[in-house]
Amino acid sequence: MDNFLKMTSFTTNILTWYQSNQRDLPWRAEKDPYLVWISEIILQQTQVKQGLPYYLRFTKAFPDVYALARASEQEVLKLWQGLGYYSRARNLHAAARDVVERLKGQMPETKKDLLLLKGIGPYTAAAIASISFNEPVAVVDGNVYRLLSRYFASSLPIDSTEGRKHFDALAHQLLSKSRPADFNQAMMDMGAMICTPAQPKCNDCPVAAECQARLLSQQALFPVKSKTTRKRNRYFNYLIAENKGQLFMSQRQKKDIWKGLYEFPLIESEKELTRAEICQMVDSVSQASMTTSLMSETKHLLTHQNIFIRFYKIQQDLHLNGPINRAFDGARLLAKSELIHLPVPKPIETALKRIL
DNA sequence: CACACGTGGGT
DNA sequence: TACCCAAGTGT
C-alpha cells in the first residue's frame, strides 16, 4: 500500500471508529464555542474524570461569556478550587472580559484570532476553531503525540522542537479536511480510551493492523521523551493563629505556586525545621514566650517539587497588637464565615475542614 | 526555550 | 516508595 492510501485508511478508520465509540460529553452536543472553550481549558493536563464535575459546576454558574466576565476573579478561583493550575482560571476570566469588552461578546472564529486570547495556545485554539467552526486545523496534544509516535514507531522525542514540528505536520497530513471536528475528537478519544499510556487496548484499536509499535511489540517504548525531571524539597510551616473566632489568613502574590489563593501565615524553609525552631523564630520577633503545637503534617507531591507541610497552632493570643512575625505581614484577620468564600489550595482546604 | 504550574490516579 | 502520566500555556 502506498503512503497516500495508508494515510487515507488511517483517517477513515479513525472516523469510523469514532462514530460508534465516541464518548457522550456535555460540551459535544451544541458545539457552543464558549462551552468548548471552558471544557478545553479545564481538560488541560487533566483527565475527563477529574474535570467533568468542575465543568458542570462552572458552566452552571457561568452559562455564557457575559456571566463569566461579570464575575469577580475570586468567584472564578473559588469554583476552580481543588482543580490545580490556577492560572488557567485567572487567564480564562481575563480573556472572557476581553471578549466582552473588545469583541462585543463574540468569540473569535479562527485559530489565528483565538490565539490572541490569554490562556489559549496552539492546542486550544485549534480545538475551538475545528470543533465549533469547522476550521481544518489539527489538535496536537499528548494523546496525538502518543498515538502517532506509536503508529509510526517514531523515536523523535515529543518534547523536542524537532519532534513537535514533526508530529504537528503528521497530524495535519492525516487530518480529515472535511470533518476536522470529528477527526480531532476521535484522536483524543482514541488516546484516552484505546492508545492509553500504559497497557493500550490494541485489540480494540481500529488502526492496530498498521501500527508499527505493535508490529514490533514495542508499544511501551513510545512516545520517547528526552528530558528528565528532578525534584526539590520545600518545607511549608503554617501558623494557625485564632483570635476571637477569627483566623489570620494571607493571599499568595508572588510568582509561585497557588498564586492568588489564600493560606495561613507561612514560614517556608529549604530544610526541615523542628517545632522548637519554629517556636524560636516566632518568639524572637514577638518578644514573648510563644508556644506552638504541631497539629498535623501532610506531603504534597508536584511535578517538580515535593512540598512537606506542617500546621502549627499558636497557643497564646499574643498577636493582638499586630504582626508577631514576618510570616504575618500582610495577613488579615478573617471571620470563619468569610473563609468559606476564599479560594484556598488543597492542603489548606483540608486543614480548614478540620478547624471549622 | 527550559522551566514552573496542581491534583488525582496508575504501576 | 517513588516515580510517571493526564485534552498545555506563560514566561
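Just so it is clear: in the first sequence, position 154 is 154 by the UniProt record's numbering, and no numbers are missing.
Positions of the beta carbon are idealized from the N, C-alpha and C atoms, including for glycine.
It should be emphasised that the depicted structure is a prediction, and the values quoted were computed from it without experimental measurement.
Problem set entry | Burial state of Tyr54 (16 or more Cβ within 10 Å) | buried
For this session: Indicate the three-state DSSP secondary structure (helix, strand or coil) for Arg354 in the structure shown.
Result: helix
Exercise. In three-state terms, what does DSSP make of Tyr18?
Worked result: helix
For this session: Identify whether Gln173 lies in helix, strand or coil by the three-state DSSP scheme.
Result: helix
Problem set entry | Close beta carbons around Leu68, own chain, < 6 Å, minus the five adjacent residues each side | Phe62 and Ala96
For this session: May I ask you to report which of helix, strand or coil DSSP gives Ser293?
Result: strand
Exercise. Where do the N-terminal and C-terminal ends of the beta strand (DSSP E) with Gln251 fall, by residue?
Worked result: Gln246 to Gln251
For this session: Would you mind stating whether Arg354 and Tyr238 have Cβ atoms separated by less than 8 Å?
Result: no
Exercise. To which residues does DSSP link Arg232 through a beta bridge?
Worked result: Gln305
Problem set entry | Glu272 versus Phe264 - alpha carbon distance | 18 Å
Problem set entry | CB of Asn143 within 8 Å of CB of Pro180, strictly | no
For this session: May I have the straight-line CA-CA distance separating Gly260 from Gln251, to the nearest angstrom?
Result: 6 Å
Exercise. Is it the case that the Cβ atoms of Ile267 and Ala331 are separated by a distance below 8 Å?
Worked result: no
Problem set entry | Range covered by the alpha helix (DSSP H) that runs through Ile194 | No alpha helix (DSSP H) contains Ile194, which DSSP labels as neither H nor E.
Exercise. Across which residues does DSSP place Phe311 in a beta bridge pair?
Worked result: Tyr238 and Ser296
For this session: Would you identify the three-state DSSP class for Asn203, choosing helix, strand or coil?
Result: helix
Exercise. When you compare each of Lys118, Leu339, Leu216 and Tyr86 to Asp98 by their alpha carbons, which one comes out closest?
Worked result: Lys118
Exercise. What's the gap between the Cα of Pro157 and the Cα of Leu342?
Worked result: 42 Å
Exercise. Per DSSP, Arg332 is paired with what?
Worked result: Met249
Exercise. Can you find at least 3 beta carbon pairs, one from the segment 195-210 and one from the segment 6-24, that sit closer than 8 Å?
Worked result: yes
Exercise. Taking only runs of the beta strand (DSSP E) that begin and end inside the UniProt domain "HhH-GPD" (42-193), which ones reach a length of at least 3 residues, in chain order?
Worked result: none
For this session: Quick one: measure Cβ to Cβ for Gln305 and Lys231, integer angstroms, because I've assumed they're closer than 8 Å.
Result: 6 Å
Problem set entry | Cβ neighbours of Leu148 in the same chain (closer than 6 Å, five flanking residues each side left out) | Phe167 and Leu170
For this session: For Ser217, name the three-state secondary structure that DSSP assigns.
Result: coil
Problem set entry | 8 Å Cβ cutoff met for Ala94 and Leu77 | no
Exercise. Are Leu333 and Val344 close, meaning C-beta to C-beta below 8 Å?
Worked result: no
Problem set entry | Ser269, DSSP secondary structure in three states | strand
For this session: Measure the C-alpha to C-alpha separation of Ala241 and Trp80 and round it to an integer number of angstroms.
Result: 26 Å
For this session: Below 7 Å CB to CB, which residues in the same chain sit around Leu294 once its five sequence neighbours on both sides are set aside?
Result: Arg275, Arg310 and Tyr312
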